[in-house]
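> The structure's right below; bear with me while I get my questions together.
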Amino acid sequence: MKLRQVLEDYTFILPAVGIFTIFYIIPFFFIFRLSLFEWDGIGRLSSATFVGLANFREIIFRDSNWWRSVGNAGWITFIALTFQNSLAFLLALACSKRIALRGVYRIIFFIPPILSEIVVGMVWRFIINDVDGANIVNRVLVCLGLHQFVRAWLSDPNTALNVVALVHSWKGFGWAFLIFLAGLQTIPREFYEAAWVDGANSWQVFKNITFPLLVPVIILVAILTILGTMQSFVLIISLVGGELAGYTSVPVLRILWVMRNSSRFGYACALGINLGIILVVASFIQYKFFKKVRNLI
Amino acid sequence: MKSIRAWILLSGLFFLGCSPPEVREKRIVIWHWMTDRQPAFQELAERYQAQRGIQVDFQLYAPSEAYSQKVRAAAQGGNLPDIFGVLSEKRDFASLIKAGYILDLTPYMEEENFAWRNRFFPQALAVNKFSPDNTYGVNPGIYAVPIDMVAIAMVYNKNLLRKLGFNPSQPPQSFEEFLNLGRKIREEKLQGLVSGWGELWLIYCFAQNYAFNIMGKEKVLATIRGEVPYTDSAWIEVLRLFEEMKNSGIITNKVVSMVNKTAEQIFANEKAVFAFNGSWCVNVYKGMNPDLDYGVMLPPRISNRFPLLVWGGAGSSFMVNAHSPYREEAVKFLKWLTALEQQSYLVRKTNNLPAIKECREDLPQVLVDFSRLLEKSTHPNSWDVWELPLVNETLARGIQAIVLGKKTPQAVAQEAQRVKERELAKKSN
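Residue numbers (our numbering), protein chains in the order written: chain A, 114 to 410; chain B, 719 to 1147.
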């Protein structure tokens, strides 16, 4: 009877498990296999040449374009982790208090993340670009008498990546804001009341109650930020138009280039695995770091 | 009882999902990426059906990157349509042929005393042909049919040139004249030269035009074969041209972040004096600004020692799926599509250069000017050697860096040569 019950239950989840296995699990392991081969993505798989770990050796020791793209993505992620998440945290703190129009603010702050990245890139390109856009940023700078800061923001290699990072932060902070707000609202009010009764000031309340209890949420937001930002590429295509001689190159764009332009699918798979390893290691380090911070507090 | 009902329900769903294979009526399916030609293609499909009783289905997949990926995925899955085109380099074309996906059209081209083959301009066929000593490892033959030709050259806005004090019927012929325009262009707050140099292939194409002019075609091919290094003074001279263009004001930083569509829009909106673009731009500019008054010219030459050659000849081509059950019908359709009446119709409707010699359709003057440049054209896909993709990328990105002021021509040449040597060593291992 129990066996029958178990069999019945598994029968109903079988289709979903099957689809998940075919379209996710098998391709996941297939990528590892393909990374050991040179394959042009056109001929039959049987025509692929086994090269062992040569693709990985090439990535580690010879592909400077790849590591440059990882560095660029790392910079965008750093801005996201610091500027974007700090802003989100402060706004979440403000909106968790009883301020006027906090409901309206919550809606406004959540609009950017629900917009498509292509749309965000095109709108900001129109705002910033002086070639095919309205050039609003430069016009404002000129009006304010700050002529020395006028730039071709999206085609200047010194500024293009930072512009991408800022626009990415603008788009992404809404998600972090929502998660922080939810985290703040789970902190029992009694803790704050007890602290106020004991005469604690705002900073002491934040340092001893809010921040320690929010560390799990901060870890979650940080890990999601790393995972999301390191894989971002659509914004660069719609905002800058391409890799700008490598100055706005990111890992996913490099993987796409390898697949499309050099027809090396095995190598592209190896790049993807490399990116995955980087993300796992970065997330693990971050997790350990915040755990230590929490223990210290 | 409950479990029996559950099994019956699941089995029913399973068999409902497994419907019998669709029996396809005789219909030729063609995949393409040419958004501006879809209405013309559909009209031709209807005509063909009226004449021969065979349905033809032109399916458009755009943009071109998405189309390329679709073809590649279909090749892997064995789902290629009856007729399709290949947008990428000849290397990928060769891979599809070696994998057995593309029908050898040579026997059909040789029928009736080479009647079909002789219809085409030699440059148009050259891109689709593999010679006996080709380095791609493909059996010699003709594997695709060109439906148009293209030339990539410079266009100039006659009104703006007049505004700058030049006779629009005599655009700059020498590179020095061209650079001297830079100061005046800056004063008028115009863009000098625009092009989709954010797309690496276009910047590489422009560089090659001047490579031919400075060192001759043989030395360029020798470089690709690995016999001449990229650190050769001739190549550094080619790379230096971009530095000179930047310093003169003819080009700015912005050109290296432009996609070709943006460049086309800027030129059509009369904000740029020159554009580097292909003959497909005639139809594009007509759609964006029908009153645009512009002319066609060769990029201004820097040397009289060797001719300046532009990329040309290669247009869009269609090939037949070797595994298609309707491949004979597909070949017949392609013969019909490349006949005079259909080519004339395509020229009228889409403003592209015809692939066949006898097409005497009245071309707009701009297209006539483009067609004259075909005498001074060549194309990488018509050569039997090809440069390694990573070397092309290093050169093109290096040129972008020169325009951005981040690298010197010497540094780019050294980097390109380093990558070339590394890739050649890898190939020989």
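Glycine is no exception: its CB is placed at the ideal position from the N, C-alpha and C atoms.
The stretch 263 to 276 of chain A: which residues have C-beta closer than 7 angstroms to a C-beta of chain B, in chain order?
So the list reads A265, L267, S268, D269, P270, given in the order they occur along the chain.
> Does DSSP put G715/B in a helix, in a strand, or in coil?
Shown here, chain B extends from 719 to 1147; a query on residue 715/B therefore has no answer.
> Is it right to say K808/B is buried, meaning 16 or more other beta carbons lie within 10 angstroms of its own, or is it exposed?
That one is buried.
> Beta-carbon of A358/A versus every beta-carbon of chain B: anything under 8 angstroms?
True, the Cβ-Cβ gap to chain B drops below 8 angstroms.
> When DSSP builds the beta bridges, which residues end up paired with P864/B?
DSSP, once it has assigned bridges, lists S1035/B as partnering P864/B.
> Is DSSP giving N996/B helix, strand or coil here?
Note on residue identity: the sequence assigns Gly, not Asn, to residue 996/B. The answer is strand: DSSP assigns G996/B an E or B state.
> Rounded to a whole number of angstroms, what is the C-alpha to C-alpha distance between I322/A and F402/A?
Cα-Cα distance, rounded: 19 angstroms.
> With distances taken from CA atoms, which of S786/B, E764/B, A1129/B, I772/B is nearest E961/B?
Comparing Cα positions, the closest option is A1129/B.
> For A929/B, which residues from the same chain have a beta carbon less than 6 angstroms from its beta carbon, with the 5 sequence-adjacent residues on both sides left out?
Closer than 6 angstroms at the Cβ level, and outside the excluded window around A929/B, lie V938, V956.
> Interface residues of chain A around L1108/B at Cβ under 8 angstroms?
The contacting residues are S375.
> Only counting the same chain, and skipping five residues up and downstream in sequence, which positions put a Cβ closer than 6 angstroms to that of L878/B?
Once the five neighbours on either side are set aside, the close Cβ partners of L878/B are V991.
> With C-beta atoms as the reference, is L1095/B less than 8 angstroms away from W1029/B?
The displayed chain sequence assigns Ser, not Leu, to residue 1095/B. Yes, these two residues count as a Cβ contact at 8 angstroms.
> What residues from chain A crowd round N971/B, counting only those whose CB sits closer than 9 angstroms?
Residues of chain A passing the Cβ test: A265, S268, D269, P270.
> Give me, in chain order, the residues of the same chain whose beta-carbon lies closer than 7 angstroms to that of S148/A; leave out the 5 immediate sequence neighbours on both sides.
N168, G379, C382, A383, I386, listed in sequence order.
> Can you grab the Cα-Cα spacing for the pair I249/A / V977/B, in whole Å?
Cα-Cα distance, rounded: 21 angstroms.
> I'd like to know whether the C-beta atoms of S1032/B and V868/B end up nearer to each other than 8 angstroms.
This sequence places Ala at residue 1032/B; Ser is not what is there. For A1032/B and V868/B, yes; Cβs fall inside 8 angstroms.
> I need the boundaries of the beta strand (DSSP E) containing M1015/B, first residue and last residue.
First-last of the beta strand (DSSP E) with M1015/B: 1012 to 1015.
> Could you tell me if Q926/B is buried or exposed, where buried requires 16 or more neighbouring beta carbons within 10 angstroms of its beta carbon?
Buried.
> With a CB to CB cut of under 8 angstroms and the five nearest residues on each side skipped, what residues in its chain are close to N987/B?
Excluding positions up to five away in sequence, the list reads M1006, N1007.
> Three-state secondary structure (DSSP) at M372/A?
Correct three-state label for M372/A: helix.
> Per DSSP, what kind of secondary structure is W834/B in: helix, strand or coil?
In this structure, W834/B counts as helix in the three-state DSSP scheme.
> Is the number of C-beta pairs between the stretch 285 to 305 of chain A and the stretch 260 to 274 of chain A that are closer than 8 angstroms three or more?
Because the criterion of three Cβ pairs below 8 angstroms is not met, the stretch 285 to 305 of chain A and the stretch 260 to 274 of chain A do not touch.
> So, with DSSP's three-state summary, where would you put D243/A?
In this structure, D243/A counts as coil in the three-state DSSP scheme.
> Spatial neighbours of Y1003/B within its chain, please: CB distance less than 6 angstroms, with the 5 preceding and 5 following residues excluded, ordered by chain position.
Correct list, in chain order: A986, L1010.
> Hey, Q197/A and G285/A are a contact pair by Cβ (cut 8 angstroms); roughly how many whole angstroms apart?
Their Cβ separation, rounded to whole angstroms, is 6 angstroms, which keeps Q197/A and G285/A in contact under 8 angstroms.
> Comparing C-alpha positions only, which one of F324/A, S229/A, L337/A, V334/A sits nearest to F406/A?
Here residue 406/A turns out to be Val, not Phe, going by the sequence shown. Per the Cα distances, F324/A.
> What are the residues of the stretch 971 to 993 of chain B that lie near chain A, defined by any Cβ-Cβ distance shorter than 7 angstroms?
From the stretch 971 to 993 of chain B, only N971, K972, V974, S975, M976, V977, T980, Q983, I984 have a Cβ closer than 7 angstroms to chain A.
> Which residues in chain A have a C-beta closer than 9 angstroms to the C-beta of E961/B? List them in chain order.
Per Cβ cutoff of 9 angstroms: no residues; E961/B is ~14 angstroms from chain A at best.
> Count the other CB atoms, across all protein chains shown, that sit within 10 Å of the CB of Q1135/B; report buried if there are 16 or more and exposed otherwise.
Per the 10 Å Cβ criterion, buried.
> Hey, is the stretch 834 to 854 of chain B in contact with the stretch 966 to 973 of chain B, meaning 3+ C-beta pairs nearer than 8 angstroms?
These segments do not touch.
> Please confirm whether V250/A has its beta-carbon closer than 8 angstroms to some beta-carbon of chain B.
V250/A does not count as touching chain B.
> Is R175/A helix, strand or coil when you go by DSSP?
Three-state DSSP puts R175/A in a helix.
> Considering M963/B, what are the terminal residues of the alpha helix (DSSP H) in which it resides?
Note, M963/B: alpha helix (DSSP H), 951 to 966.
> Just the chain B side, please: which residues come within less than 7 angstroms of D153/A by C-beta, in chain order?
Correct list: S813.
> So, helix, strand or coil for W1101/B, using DSSP?
DSSP places W1101/B in coil when its eight states are reduced to three.
> With a threshold of 8 angstroms between beta carbons, is R157/A in contact with chain B?
Yes, R157/A counts as interfacial toward chain B.
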